[in-house]
Each structure stands twice: as C-alpha cells, then as structure tokens.
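Novice: Here you go, one structure.
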Amino acid sequence: MTNNNNGYKNLDDTPSQTIESMNLRSIPDNNSETHANTPLLGPTNDNQQSPYEEVAINVPNHDDPTVLCLTFRSVFAGILLIFIKPFTDQLFYLRTLPLSLDIGIIILLSFMIGKFLEKILPEKVFNITVNPKPFSVKEHTLAVIMAMSADGTHYTVQAIAVQRVYYNYYLHHFNAIIFMITFQLFALSIAGILKRYLVWPGAMIWPKTLMTCCVIRTLHNEDETELNQSRWTMSRFKFFWLMLLFQFLWYWFPGYIFPLLASFSFVCMIAPNNLIFSQITGANGLSIGALQFDWNAWVSFLDSPIFVPFWAHVNIFVGFVLAIWIVIPIFYYTNIWESQKMPIMSNRIFDTNGYYYDTSKVLDNNSRLNETAYNVYGEMRLPLGFAVVFGFTLAGFSAAIVHTILYHGKSCVEQFRISLSDQKNDVHARLMSHYAEVPEFWYYILFVVSLILSTINGYHTELLSGHVLLTYYENLQDKLTRLKDAREALNALRMEHYERKQQEILERERQRQIQLAHKLDFMKQKKQEYLEYQRQVHLQQLAQQEFEMRTYSDQQRQLILTQEQCLQNSHLSSMMSHDYNQMHYQQPFSTLHSQSTTNQYPMITNYPTQPPHHGSMITCPSNTPNLMNSNRDNNYINLARHIPLTHSTVSYIQQQSAPMINENKSDPQLIIFN
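Just add 18 to wherever you are in the sequence shown, counting from 1, and you've got the numbering used here.
Structure below.
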C-alpha cells in the first residue's frame with residue numbers, strides 16, 4: 019500500500035521526521051537539571067499522515083521514544099485495575115442489564131490513579147526512580163492495556179457456571195483454572211499470529227481503539243492550539259468532564275429514582291393486561307415502540323454507539339428490524355413449530371407441552387445424554403425468539419466469510435503477499451518499527467502449549483500426575499469438610515428437634531391452661547345459672563305460698579262471713595225462742611235483766627293461760643253452745659270450733675279489736691269479739 023497525499027493535515031503542531039532520517043532536536047526537560055537532546059520520530063512532512071480521516075484525527079503521526087512507559091506508576095495502576103475490573107464485571111454479569119466497567123471508566127480511573135501517584139510519590143526510593151514526573155500518555159496507555167487484558171466475562175466462566183447451576187456438574191478448581199488460562203493464552207496466541215494481517219495494514223481500522231486513543235489524548239493534551247483553530251469555544255478536556263458530570267447525575271433517574279425509564283413502553287402501559295400488546299411492546303417481548311433512557315441498557319449487550327461508525331449502526335438496526343420485528347411476529351402468530359406454547363422471547367428451554375425442560379432427567383451420572391430417557395421424556399424446544407436469533411447468528415458467520423471472500427478477497431491476498439516481505443507501509447507502523455517486536459515464533463509456541471494443555475485438561479487428566487495427587491488431597495479435604503458440615507448439620511438438627519420438643523411441651527401446657535381456664539369459666543357460668551335457678555325456684559315457692567295464704571285467707575273470710583250469717587240467723591231463732599219461752603214461763607224481767615247486766619258479754623271459761631302459738635288451733639269444747647248472742651252495741655260473739663292462728667287470722671283478730679278474756683284461767687273455749 020502506498021501513501022497518497024489526500025489533503026489531510028497533520029493535526030499535531032510538532033515538527034515530525036521520518037524514522038529512516040531521524041534528527042535530534044533539543045527540548046527542555048523540566049524534570050532534569052540539564053537539557054538533553056530528545057529525539058522526535060515522525061514523517062518527513064506534515065502530509066505524511068494516515069489516508070483515513072478517523073485515524074488522522076485521533077492518532078498522532080509522531081513519537082518521542084525518550085518518554086518512559088514501563089514505570090512503577092503504570093504497573094501499579096494496571097495491576098490494581100486488573101483486580102478491580104474482572105471482579106466487578108463478573109459480579110454484575112448475571113443482572114438483567116449487566117453492569118461492566120467499560121474502557122472509558124478504565125481510562126478515567128487509570129488517569130486519576132496516575133495523577134494521584136504523581137502528587138504523593140517521591141521521585142526516588144533507594145536510588146530507584148519511581149515518580150518520573152509528569153504522568154505521561156505512554157504510562158497511561160500501558161495501564162489501560164493491562165486493565166483491558168481482563169476485559170469482559172470469559173466464556174469459560176459462563177460454561178463452568180452453567181454446568182454447576184443447570185447440570186449439577188462441579189468442575190474441579192484446578193481444571194477450571196487450567197481451562198480459563200489455556201483459553202486466554204490460545205486467544206492471545208491467535209491475536210499475535212494474525213496481527214500482521216489485522217493490525218499492521220493501514221486499512222485495518224478498529225473504531226473502538228480509535229476512541230480510546232482520542233480519550234487518552236484529550237486527557238493529556240493541554241495545548242490550546244487546536245482550540246484556537248476549531249469552532250468550539252470549549253476544550254475537549256472540559257467537555258469530557260461536563261459530560262461525565264451529566265451522565266453521573268442522569269443515571270440516578272433510570273437507575274434508582276424512576277427505573278421505568280430503563281425501558282418505557284407507552285402502549286403497554288395503556289393496556290397492561292393485554293397479552294398481545296405485552297408481547298409486542300413490552301420489555302420482555304419485542305419492545306416495538308419502547309423507549310430506553312438508560313445508557314447502560316444501550317451498551318449492555320452491544321458496544322457503545324460512539325465507538326462504531328454510522329454505517330455499522332444502520333447495518334445492525336436493519337438486521338434487528340428484519341429478524342426481531344418482522345420474522346419473529348410472523349412465525350409466532352402463525353404458530354410455526356407450535357411456538358405459541360412458549361414465551362415469544364426467553365432464554366430457557368421447554369418441552370413439547372410448554373413447560374420448563376428438566377435436563378437432569380435426560381442426563382446420566384457423567385452428565386452425558388441418556389437417549390432412552392430422552393425418548394421417554396420428549397424433545398426439547400427453544401422459544402421462537404431465541405431460535406431465530408440463534409439461526410441468524412450461525413448464518414452470520416457464513417455470511418461474513420462469504421462477504422470477505424467476494425468483496426475483500428483480492429485485498430486479503432495482496433496484504434498476505436506484502437506481509438511476507440515484512441513491509442510496514444503505514445505511517446504509524448513505521449513509527450512503531452523503532453521498537454523491537456515480540457518474535458512471532460513465541461506466539462506459535464504459546465498456541466501449541468495452550469492447545470496441548472487444553473487437550474490434556476479436557477480428555478487426559480491422568481497425565482497431570484501432580485494434579486492427580488492434588489486432586490486426591492483436595493477430595494480428601496472436601497470429604498473432611500463435608501463430614502464436618504454433616505456433623506454440624508446433625509447437631510443443628512438435634513438442637514432444632516430439642517427446641518421443637520420444648521416448644522411442643524410449652525404449647526401443650528399452654529393449651530392445658532387454656533382448657534382449665536375454659537372449664538373454670540364454664541363452671542362459674544353453671545354455678546351462676548344454678549344460683550339463678552334456685553332463686554327463681556325460691557321466688558316461685560314464695561309466690562305460691564303467698565298465693566295459697568291469700569286463697570286460704572279468702573276462704574276463711576268467706577267462712578267467717580258464712581258463720582256470721584249463721585249466727586245472725588241463730589240469734590234471730592234464739593230471740594224468737596226466748597220470747598216464746600218467756601211467753602210460756604213468764605220469767606221475771608228483773609232476773610233476765612240481772613243476767614244481762616252481770617254478763618254483758620256471755621263468755622265461755624277455760625281460757626288459756628298463755629297466748630296461743632302461731633299455727634295452733636283455737637277449739638271450742640263440744641258442750642259449748644254453738645251460738646251466743648249479745649245485745650251490747652249490736653256486737654256479737656263469733657265462736658269457731660277450728661280457727662288456725664296464722665298471719666291472716668291474727669291480723670283479722672287484731673283488726674276486729676277482740677280482747678281475749680281468760681277469767682277462769684283455764685283452757686280456751688271461746689274468743690270474744692267486740
């Protein structure tokens with residue numbers, strides 16, 4: 019490839035020279051006591067620049083080989099970020115939207131660490147220079163390269179995690195480490211072998227690497243010459259910090275305050291219970307019309323849109339619309355492959371009935387397929403979205419190879435022919451030719467070693483004798499650990515059983531106390547009911563007695579009235595008889611008058627010496643006349659043969675004011691009423 023004068027200017031104001039005809043120019047070194055001759059490497063004129071505008075703008079066309087690169091600051095920053103970046107990437111890899119420390123953050127962190135070490139470290143320690151001020155762009159670049167060597171999550175870790183989670187297969191730690199190391203070394207060896215074809219040619223443009231160069235130059239460029247020549251009134255360094263502050267403040271909204279902004283579907287919010295709208299516009303569906311205001315959602319699965327050119331974005335978007343928004347809905351809603359039994363988008367596998375597929379039912383103890391069990395359990399099905407994407411991905415590999423052969427085959431053959439003569443025809447390749455390259459046979463040796471180790475680790479683990487012994491002791495240690503864990507678990511079960519028994523005893527005692535309390539309350543209630551019943555019975559008895567007494571009193575009163583009537587009748591009869599006798603016997607009036615005068619109240623003797631007791635009977639002798647009469651104030655004497663002394667009779671006697679006369683001090687014969 020020849021360098022053409024395409025009119026691009028050298029954006030660096032420093033005079034540049036070719037590597038072949040290198041001059042020395044004296045540049046003051048502020049860090050040294052004297053001024054040394056510092057050589058600058060560059061093209062012979064400003065027109066010797068990359069023919070590609072992206073490269074010419076972002077990558078300088080000169081180099082200063084005296085600037086230190088491998089220093090304590092660069093090594094410390096690189097190693098520190100090597101520990102931080104893989105840990106963070108792997109920890110947040112299993113999130114719905116994976117969080118990763120991309121290269122922009124690594125550039126910023128390494129720059130801060132370098133500047134911090136520049137401020138605090140002494141210049142020399144034990145006569146060893148540890149702080150050659152200032153923190154140079156080469157130190158910064160080396161720290162970034164070291165950190166990005168552990169970029170992303172390795173596919174080996176994904177394979178190990180899937181085996182452990184879904185297949186219950188635990189790969190030994192030693193095998194897992196060998197697996198990851200050989201995988202990385204294998205990839206590194208291939209990169210070293212193919213750098214002649216993919217790195218050295220000027221046409222091999224890597225947009226993401228160009229953005230890295232641009233950011234690093236922005237952080238270290240303090241010259242205002244470009245600012246004066248540009249229409250911008252703000253330096254790139256200031257613009258970078260403003261964008262960083264804006265991104266930091268904005269992420270609080272989709273990340274914490276309002277997470278719905280990460281994937282906002284207005285149509286799905288209108289009809290949240292509509293299944294078809296959810297499948298077409300939802301975040302877990304096709305996301306047609308969904309808006310994303312979270313930058314992390316944009317770059318979680320694809321590179322940053324700033325790092326790739328516009329034509330690549332258009333290519334990706336057209337393929338996305340064709341595969342996701344056109345092919346998948348047509349296949350799904352026409353129920354091809356019975357796809358409607360499964361979700362439209364999912365990364366799980368299902369059986370023929372649409373349930374999750376249990377892989378443990380079709381694998382043996384060695385995690386190999388059991389065909390008999392597979393035929394009994396049934397086939398596994400992929401969701402339509404995953405199947406279509408998987409198919410387009412496989413087709414993409416073949417399409418990329420065919421496209422390269424058809425459209426870039428001649429260029430590849432020409433570059434391969436030129437690479438055989440080791441002609442570095444790019445301006446930046448010529449600048450880097452000043453430094454010694456790593457011999458290519460090292461990469462071939464690394465390729466062979468990694469291939470052999472991976473083969474032994476995968477198929478012939480018995481060849482690793484040290485590994486076998488280590489595995490034996492580790493298995494023994496694992497058994498002891500499991501035994502210890504089992505003993506602790508047994509003790510825990512015993513304690514749990516004892517505590518459960520104690521709780522059962524306490525619960526039974528509490529239930530017994532509750533039952534006793536209920537019985538006591540029931541007995542108290544029954545006692546109250548019995549006492550109330552006794553009171554009611556007693557009141558009924560009292561009422562019955564009162565009723566009987568009133569009835570008996572009414573009967574006695576009626577009897578007394580009847581007897582009075584009889585006495586009146588008898589009195590009339592006696593009077594008539596007396597008149598009759600008087601008429602026959604002619605008794606003198608004086609005798610009768612004396613009798614009536616002497617005995618105004620005819621009495622019957624033999625009265626009781628003591629008053630009669632309550633409830634006793636007042637009886638009259640049989641020889642006592644039944645009827646007696648008196649002519650005093652028309653009063654009469656009421657004689658009753660059987661009158662019980664009760665409350666009613668006593669009160670009646672008292673109402674009549676009848677004195678009880680006992681002149682002869684003898685048994686009662688008569689009660690005289692006034």
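The beta carbon of each residue, even a glycine, is placed where N, CA and C say it ideally should be.
So for residue 120, helix, strand or coil by DSSP?
Specialist: As a position in the sequence shown, residue 120 is number 102, starting the count at 1. The answer is coil: DSSP assigns residue 120 none of H, G, I, E or B.
Novice: Under a Cβ-count criterion, where at least 16 other Cβ atoms within 10 Å of its own Cβ denotes burial, should residue 158 be classed as buried or exposed?
Specialist: Along the sequence shown, one-based indexing puts residue 158 at 140. Residue 158 is buried by the Cβ-count criterion.
Novice: Among the candidates 150, 165, 153 and 199, whose CA atom is the shortest distance from the CA of residue 174?
Specialist: Translated into positions along the sequence shown, residue 174 becomes position 156. The option with the nearest alpha carbon to residue 174 is 199.
Novice: Just reading off the alpha helix (DSSP H) that residue 345 is part of, what are its end residues?
Specialist: Mapped onto the sequence shown, residue 345 falls at position 327. Element bounds for residue 345: n/a, residue is neither H nor E.
Novice: For residue 147, which beta-bridge partners are listed by DSSP?
Specialist: Taking the sequence shown and counting its residues from 1, the one referred to as residue 147 is at position 129. Partner(s): 142.
Novice: Please tell me whether residue 66 and residue 76 are closer than 8 Å, where the distance is taken between their beta carbons.
Specialist: The residue you call residue 66 lines up with position 48 of the sequence shown. The residue you call residue 76 lines up with position 58 of the sequence shown. Result no, Cβ atoms of residue 66 and residue 76 do not sit closer than 8 Å.
Novice: Evaluate contact between the region 139 to 152 and the region 112 to 119, counting only Cβ atoms and requiring at least three cross-stretch pairs below 8 Å.
Specialist: Touching, no.
Novice: Which ranges does the alpha helix (DSSP H) cover as unbroken runs of at least 4 residues, wholly within the region 405 to 458, from first to last along the chain?
Specialist: You should have 445 to 450.
Novice: Need the endpoints of the alpha helix (DSSP H) that residue 108 sits in, please.
Specialist: Numbered from its first residue, the sequence shown carries residue 108 at position 90. 90 to 109 is the extent of the alpha helix (DSSP H) around residue 108.
Novice: Where DSSP assigns a beta bridge to residue 282, which residues make up the other side?
Specialist: In the sequence shown, the residue the question calls residue 282 occupies position 264. Paired residue(s): 309.
Novice: In chain order, what residues of the same chain lie with their CB nearer than 7 Å to the CB of residue 87, ignoring the 5 residues before and after it?
Specialist: Counting from one through the sequence shown, the residue named residue 87 turns up at place 69. So the qualifying residues of the chain are 156, 157 and 160.
Novice: Does any heavy atom of the ligand PLP sit closer than 7 Å to the C-beta of residue 151?
Specialist: You won't find the ligand PLP in this model; it holds no ligand whatsoever.
Novice: For the region 300 to 312 and the region 277 to 285, state whether three or more C-beta atom pairs, one from each stretch, are separated by less than 8 Å.
Specialist: Output reads yes: the region 277 to 285 touches the region 300 to 312.
Novice: Are the CB atoms of residue 211 and residue 458 within a distance shorter than 8 Å?
Specialist: Taking the sequence shown and counting its residues from 1, the one referred to as residue 458 is at position 440. Taking the sequence shown and counting its residues from 1, the one referred to as residue 211 is at position 193. Yes; because the gap between Cβ atoms is below 8 Å, this pair is in contact.
Novice: Please report how far the alpha carbon of residue 594 lies from the alpha carbon of residue 581, in whole angstroms.
Specialist: Taking the first residue of the sequence shown as 1, we reach residue 594 at position 576. Taking the first residue of the sequence shown as 1, we reach residue 581 at position 563. Straight-line Cα distance between these residues: approximately 19 Å.
Novice: Of the residues 455, 235 and 138, which one's Cα is nearest the Cα of residue 218?
Specialist: Translated into positions along the sequence shown, residue 218 becomes position 200. Of the candidates 455, 235 and 138, the one whose C-alpha sits nearest the C-alpha of residue 218 is 455.
Novice: What are the boundary residues of the alpha helix (DSSP H) that residue 225 is part of?
Specialist: The residue given as residue 225 occupies position 207 in the sequence shown. That run of the alpha helix (DSSP H) goes 225 to 238.
Novice: Can you tell me whether DSSP reads residue 381 as helix, strand or coil?
Specialist: Within the sequence shown, residue 381 is the residue found at index 363, counting from 1. The answer is strand: DSSP assigns residue 381 an E or B state.
Novice: Among 368, 334, 577 and 388, which has the Cα closest to the Cα of residue 411?
Specialist: Walking along the sequence shown from the start, residue 411 turns up at place 393. It is 334.
Novice: On the criterion of 16 or more Cβ atoms from any shown chain inside 10 Å, does residue 385 qualify as buried, or is it exposed?
Specialist: Indexing the sequence shown from 1 puts residue 385 at position 367. Under this definition residue 385 is an exposed residue.
Novice: Please classify residue 416 as buried or exposed, where buried requires at least 16 other C-beta atoms within 10 Å of its C-beta.
Specialist: Residue mapping note: residue 416 aligns to position 398 of the sequence shown, counting from 1. Burial call: exposed.
Novice: Starting from residue 174 and walking both ways along the alpha helix (DSSP H), at which residues does that stretch end?
Specialist: Counting from 1 along the sequence shown, the entry for residue 174 is found at position 156. 173 to 184 is the span of the alpha helix (DSSP H), which, as asked, contains residue 174.
Novice: What does DSSP give as the partner residues of residue 399 in its beta bridges?
Specialist: Taking the first residue of the sequence shown as 1, we reach residue 399 at position 381. Residue 399 is bridged to 368.
Novice: Which residues in the same chain have their Cβ closer than 7 Å to the Cβ of residue 391, if we skip the five residues on either side of it in sequence?
Specialist: Working through the sequence shown from its first residue, we reach residue 391 at position 373. So the list reads 379 and 380, once near-sequence residues are dropped.
Novice: Kindly indicate which three-state DSSP category residue 188 falls into: helix, strand or coil?
Specialist: As a working note, residue 188 is residue 170 in the sequence shown. Correct three-state label for residue 188: coil.
Novice: Suppose only complete runs of 3+ residues qualify. What are the beta strand (DSSP E) ranges in the region 534 to 586, listed by chain order?
Specialist: Counting whole runs of 3 or more residues, the region 534 to 586 contains no beta strand (DSSP E) stretch at all.
Novice: With H, G and I counted as helix, E and B as strand and the rest as coil, what does DSSP make of residue 374?
Specialist: Mapped onto the sequence shown, residue 374 falls at position 356. The answer is strand: DSSP assigns residue 374 an E or B state.
Novice: For residue 372, collect the residues of the same chain with a Cβ closer than 7 Å to its Cβ; drop the 5 residues on either side in sequence, then sort them by chain order.
Specialist: Along the sequence shown, read from residue 1 onward, the residue named residue 372 stands at position 354. Correct list, in chain order: 359 and 360.
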